[in-house]
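The opening residue of the sequence shown carries number 155 in my numbering; numbering runs sequentially from there. Glycine is no exception: its CB is placed at the ideal position from the N, C-alpha and C atoms. Here the structure is a predicted model, which is why all the values come from computation and not from measurement. A short worksheet on the structure shown next.
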Amino acid sequence: MNKEIFSLCFMCSNRCPIKVTVEEDRVKFLESNPHVPGMAGSLCPRGVAGIALLNDDQRVQQPMIRTGARGSGQWRKASWDEALDYITDKLKALINKYGAQSIALGERVQVSTHVSQTFMQAIGSPNHFTHDACCRGSNRTATSSLFGCTVTDLSPDYANCRHIVLYGHNLLEAIKVKETRNLLAAIERGTKVTYIDPRVTVTATKAHQYMMIRPGTDLALNYALIHVIIKEKRYDADYVERWVKGFSELEAFIQPYTPEWAADETGIAANKIRELAREISQDRPAVVFHFGHRAAHYETETYMRRSIGILNALMGSIETPGGYLFKKGPGEVGAKPAKKLTDQTLPVVDQMRFDKVGTPEFPLPDVKFGVAQMLPYAILNQDPYPIKALLLHRFDPLMSIPDSAETKKAFDQLELIVTCDINYGDTAWYSDVILPEPIYLERTDAIQQANGVKPQMFLSRQAVAQRFDGREFPVIIKQLAERFGVGHFFPYKTMEDLVRWQLEGTGFTMEDFNEKGFVSYTDKAIVWDREEGIKFKTPSGRIEFVSSMLEGAGFASFPTYEPMPSPPEEQFRLTVGRCALHTHVATQNNPYLNELMPENVLWINTARASVAGIKNGDPVEVTSKRGSGRIRAYVTDLIHPEAVFMLHGFGHEAKMASRSYHRGVADGLLLENVTDRVGGSPALHHTFVTVKPGMEEHSRTRRQIQ
Ligand SMILES: Nc1nc2c(c(=O)[nH]1)N[C@H]1C(S)=C(S)[C@@H](COP(=O)(O)OP(=O)(O)OC[C@H]3O[C@@H](n4cnc5c(=O)[nH]c(N)nc54)[C@H](O)[C@@H]3O)O[C@H]1N2
Ligand SMILES: Nc1nc2c(c(=O)[nH]1)N[C@H]1C(S)=C(S)[C@@H](COP(=O)(O)OP(=O)(O)OC[C@H]3O[C@@H](n4cnc5c(=O)[nH]c(N)nc54)[C@H](O)[C@@H]3O)O[C@H]1N2
Ligand code: SF4
Ligand SMILES: [Mo]
């Protein structure tokens with residue numbers, strides 16, 4: 155008989171609500187949860203490929219301890235007790251010799267991040283860090299400086315929006331099922347979409363207007379839009395008067411940044427910029443200048459994302475139907491969120507972090523997340539102190555931190571690397587111990603608190619029995635904590651115990667999730683009064699164009715625009731991103747997804763390719779200051795002549811993941827590790843490359859399938 159289980163997809167970190175149909179412990183069907191408004195129907199391709207992941211025998215199947223050199227692929231199988239004892243002994247010896255701060259734990263932010271944060275604090279290390287800076291870090295800093303909240307506290311109201319501007323936010327390929335569907339539905343209803351990108355993406359093809367911008371110049375475009383909106387008094391004067399601090403300073407600053415000035419910088423005609431400013435102002439306040447998702451592009455990222463926030467504020471679109479709405483927590487209806495282990499009174503750790511976040515050297519990124527890409531520098535320079543052990547969970551720094559060769563060099567200085575993964579990722583492959591986790595279909599996760607206009611909680615539930623011998627990361631942490639004598643901070647044995655503990659005091663039980671997979675704190679949308687009730691958590695309680703946070707840390711609120719350099723002759727700016735068929739670095743070995751897209755190609759502009767003697771499909775050699783790789787050229791008019799583009803996530807080095815092994819090129823091999831020092835994100839589009847015709851012989855042909 156079929157069983158239906160409501161859960162959450164975890165083929166990427168969007169965690170879309172799903173319905174899993176199971177027959178005799180086999181997953182028959184994966185679809186989205188029909189009880190969630192806007193979700194009914196199919197998932198994205200990666201979500202559907204969850205079944206292939208479940209049945210993939212190239213997953214990590216039991217704890218593995220390295221026997222040969224790092225990266226040699228020589229392993230022995232170990233029991234859980236043996237693996238955990240081995241890790242504990244090594245960690246204790248390192249703590250004795252170098253102190254607890256020599257241990258770092260990095261992970262992808264997810265529902266049990268509070269568990270590992272608690273562990274690190276309990277053993278006395280300040281060095282818990284996440285992937286976040288590599289993704290949206292600078293966007294968080296930008297919105298904090300303006301609104302006193304992070305970008306994840308705001309969500310666009312697609313249903314009522316009349317015009318959306320997307321800056322390289324490629325929602326039809328970099329998918330979040332609900333948001334992607336909401337955007338498509340809005341387009342069908344007639345919402346205008348202006349899409350700005352140096353590359354014609356699928357989203358560009360659905361937009362009512364596309365602008366091919368010179369890479370890295372969005373800030374210039376936005377300064378010109380602000381210039382026109384202020385000069386022609388097209389802003390929402392009442393809203394600005396009521397909520398904005400520092401308008402007159404902005405007005406004075408923006409004078410020189412005319413559309414004619416921006417046209418030279420961006421390559422977008424001055425009249426087009428003027429028209430966009432006028433057109434969108436007519437639709438205010440029901441408009442969205444979208445903050446985007448990944449904000450790890452350029453060193454000026456924080457200011458570019460701030461300029462988006464400033465445009466929204468001028469339109470009066472923050473906390474307005476059709477604009478951005480604040481996500482509300484259960485506190486708004488007098489209720490409690492799910493408990494986190496970090497709510498407990500934990501030992502105070504006041505030592506400096508390895509990335510120096512929270513010190514005057516790196517004051518603004520969020521200390522809860524840290525800045526992951528500083529890790530190789532900290533290890534190699536032993537600055538501020540030696541880091542000797544690295545624990546990783548659901549994060550693959552060898553691929554996800556720019557400049558893989560340097561990261562590897564740093565890792566060679568470590569005495570212990572432990573990775574908890576489901577696959578043989580590149581860092582897992584380079585580790586000393588691999589701890590396998592059951593995949594999302596085989597495990598129950600901690601509670602997902604989903605703030606929104608209607609706050610809710612979701613539960614990701616085990617749907618089928620484990621195929622191999624894995625343990626959930628919070629359970630692994632608990633078992634390590636016991637070995638360290640700090641087990642009392644972890645009041646559970648199983649994931650179900652943890653979930654029940656988290657729900658205490660919320661008024662909900664685990665059984666309440668059976669019917670629909672989620673629970674709602676209220677049925678009514680909570681929207682604050684736009685005249686009086688918006689809760690900006692800045693020191694002034696207003697939107698801070700002149701930012702006390704930035705200026706207090708020694709940064710300008712409105713820095714003078716520095717022209718974005720064009721690549722030297724015969725070079726290109728390397729840009730990177732996603733496609734609908736893969737998740738970052740995690741799915742290239744998935745049997746379904748690998749068959750659909752086994753390797754990446756290099757987008758290159760037709761005219762530039764012709765000068766370089768490169769034809770479509772030719773192998774080319776891409777070289778940067780940091781590395782080089784061989785890839786096939788995709789010659790097209792659909793990319794700006796200054797840029798080349800490749801998908802992130804290919805060129806894997808783990809042999810055991812044989813389908814993706816050495817297929818395509820890893821962008822991380824080429825990228826320089828350069829950081830936006832204000833917001834904390836790496837500048838993933840900073841690097842220049844040369845592209846030369848390469849030799850034909852290819853170790854693997856394009857469509858060859860394992
Ligand atoms: N060069 C370069 N670097 C980048 C980016 C880029 O475009 N280019 N993008 C940046 C962005 S936006 C992001 S968000 C980050 C993402 O960085 P990562 O989090 O490192 O990337 P993912 O591919 O999501 O997953 C990493 C690992 O998690 C494992 N994994 C998947 N599911 C599970 C699970 O259920 N349990 C466990 N234990 N492991 C699991 C995967 O097998 C994979 O090895 O990378 C950033 N870094
Ligand atoms: N299928 C799929 N969906 C995903 C993910 C995934 O791995 N796979 N990951 C999720 C995650 S964690 C993230 S962060 C998001 C990422 O979502 P997005 O940020 O929307 O997508 P990316 O592909 O990272 O974005 C890069 C885009 O920016 C463009 N670009 C490059 N330089 C510039 C520039 O100077 N200006 C402008 N305007 N555009 C520029 C590139 O051409 C590219 O199209 O996707 C999420 N959704
Ligand atoms: S966007 Fe796709 S892969 Fe990501 S959680 Fe949703 S369905 Fe799963
Ligand atoms: Mo991301």
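Query, Result
"Shorter than 6 Å, the distance from the beta carbon of Tyr788 to the closest heavy atom of ligand 2, or not?", "no"
"Using the Cα positions of Cys733 and Tyr240, report the straight-line distance between them to the nearest angstrom.", "40 Å"
"Alpha carbon to alpha carbon, how far is His840 from Thr855? Give it in angstroms, no decimals.", "Note that Thr855 scores a pLDDT of 38, beneath 50, so its modelled location is shaky; the value from the coordinates is reported in the next line. Roughly 31 Å separates the two Cα atoms."
"Count the other C-beta atoms from every protein chain shown that fall within 10 angstroms of the C-beta of Ser196, then say buried if there are 16 or more, exposed otherwise.", "exposed"
"As a quick exercise: from Val382, Met469 and Ser764, pick the residue whose alpha carbon is nearest that of Arg396.", "Met469"
"For a minimum of 3 consecutive residues, which ranges assigned as the beta strand (DSSP E) are wholly contained in the stretch 748-825?", "755-759, 773-777, 782-790 and 797-801"
"Alpha carbon to alpha carbon, what distance is there between Ser461 and Leu589?", "43 Å"
"Helix, strand or coil for Gln860 per DSSP?", "Any reading at Gln860 needs caution, since the residue's pLDDT is 30, under 50, leaving its predicted position unreliable; the model's value is listed next. Three-state result, Gln860: coil."
"Which value, in whole angstroms, describes the spacing of the CA atoms of Arg224 and Gly805?", "18 Å"
"Any idea which residues DSSP pairs Lys330 with across the strands?", "None, per the DSSP bridge assignment."
"Determine contact between the stretch 508-526 and the stretch 290-299, defined as no fewer than three beta-carbon pairs at a distance below 8 Å.", "yes"
"Indicate whether the contact test is met: 3 or more Cβ pairs, each with one atom in the stretch 546-559 and one in the stretch 576-595, closer than 8 Å.", "yes"
"For Leu613, count the other beta carbons within 10 Å of its own beta carbon; 16 or more makes it buried, fewer makes it exposed. Which is it?", "buried"
"Cβ of Pro823 within 7 Å of Cβ of Ser558?", "Residue identity differs from the one stated: residue 823 is Leu in this sequence, not Pro. Their beta carbons are under 7 Å apart, which means Leu823 touches Ser558 by this criterion."
"Among Ile785, Lys494 and Pro609, which has the Cα closest to the Cα of Ala679?", "Pro609"
"What's the gap between the Cα of Ile758 and the Cα of Glu775?", "13 Å"
"Report all residues from its chain with a CB closer than 7 Å to the CB of Glu753; omit the five preceding and five following residues, and keep chain order.", "Phe804, Arg817, Gly818 and Arg856"
"Can you tell me which of Ile219, Ala582 and Arg786 puts its alpha carbon nearest to the alpha carbon of Ser233?", "Ile219"
"Considering only heavy atoms of ligand 4, does any lie closer than 6 Å to the CB of Asn169?", "Just to set this straight, residue 169 is Arg in the shown sequence, not Asn. False, no ligand heavy atom lies under 6 Å from that Cβ."
"Under the DSSP definition of a beta bridge, which residues are partnered with Ile318?", "Val347 and Val442"
"Cβ of Cys303 versus every heavy atom of ligand 4: is any distance shorter than 6 Å?", "no"
"Quick one, which of Gln742, Glu405, Glu515 and Glu414 has its alpha-carbon nearest Ala203's?", "Gln742"
"Here's the rule: buried if 16 or more other CB atoms are within 10 angstroms of the residue's CB, otherwise exposed. What is Ala619?", "exposed"
"Kindly indicate the opening and closing residues of the alpha helix (DSSP H) around Pro628.", "Phe627 to Arg637"
"For a quick check, are the C-beta atoms of Val265 and Ala600 less than 7 Å apart?", "yes"
"Given 8 Å as the limit, is there contact between the stretch 435-443 and the stretch 691-700, that is, 3 or more CB pairs closer than that?", "no"
"So, under 8 Å CB-CB, Phe644 and Leu495 are touching, yes? Tell me the CB distance rounded to an integer number of Å.", "7 Å"
"Using the DSSP secondary-structure output, state which residues sit across from Tyr364 in a beta bridge.", "Tyr349"
"How many Å lie between Met165 and Val441 at the Cα?", "31 Å"
"Please name the residue, chosen from Asn168, Val269 and Ser226, that lies closest to Leu627 on a Cα-to-Cα basis.", "The question names Leu, but residue 627 in the sequence shown is Phe. The candidate whose alpha carbon is nearest that of Phe627 is Val269."
"Based on the DSSP secondary-structure assignment, which residues constitute the bridge partners of Lys510?", "Answer is none; Lys510 lacks a bridge partner."
"Nearer than 6 Å: is that true of the beta carbon of Cys947 relative to any heavy atom of ligand 1?", "Because residue 947 is not part of the residues shown, which for the chain are 155 to 860, the question remains open."
"Since Asp926 sits in a beta bridge, which residues does DSSP pair it with?", "An answer regarding residue 926 cannot be provided, because it is not within the stretch 155 to 860 covered by the chain."
"Let me confirm a value: Ser853 is counted as buried when at least 16 other C-beta atoms fall within 10 Å, else exposed. Which label applies?", "Any reading at Ser853 needs caution, since the residue's pLDDT is 45, under 50, leaving its predicted position unreliable; the model's value is listed next. By the 10 Å Cβ count, Ser853 comes out exposed."
"How should Val739 be labelled, buried or exposed, when 16 other C-beta atoms within 10 angstroms of its C-beta is the threshold for buried?", "buried"
"State the beta-bridge partners of Arg220 as determined by DSSP.", "Trp229"
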